[in-house]
Amino acid sequence: MFRFGKRKARSKVGKLIDKHGYTQEEFVSASGISRNTISRVCSDPKYVPSAGVLKKIMKAVRSIDAGAKADDYFNL
């Protein structure tokens with residue numbers, strides 16, 4: 001049976017980890033950031049992390065996309 005309706009919103013980071021088959025739990029491990037924060041990073045396209053969190057997120061993102069820049073994933 002098909003379910004119709006809106007799909008969950010995904011941020012650019014969320015779309016990246018989905019595209020490469022990673023789970024949020026794997027991203028939690030790779031970044032050292034809490035599960036709640038990663039959930040927000042992946043689901044809220046308007047979320048702008050603090051500088052320290054951004055640094056950790058981008059380190060994990062660059063393990064997937066070596067040329068990634070923070071501006072590619074966040075509205076800074």
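Here the UniProt record's numbering is used: the first residue of the sequence shown is 1, the next is one more, and so on.
Idealized CB from N, CA, C, for every residue including glycine.
Rounded C-alpha distance that separates residue 16 from residue 8: Residue 16 and residue 8: Cα-Cα distance of roughly 15 Å.
N- and C-terminal bounds of the alpha helix (DSSP H) containing residue 73: That run of the alpha helix (DSSP H) goes 70-73.
The ligand FMN heavy atom lying under 7 Å from the CB of residue 36: In the structure shown, the ligand FMN is absent, as is every other ligand, since no ligand is present at all.
7 Å Cβ shell around residue 30 - same chain, five flanking residues per side excluded: Taken in chain order, the residues that qualify are 60, 63.
Exposed unless 16 or more other CB atoms sit within 10 angstroms - verdict on residue 41: It is buried - the Cβ of residue 41 has at least 16 other Cβ atoms within 10 Å.
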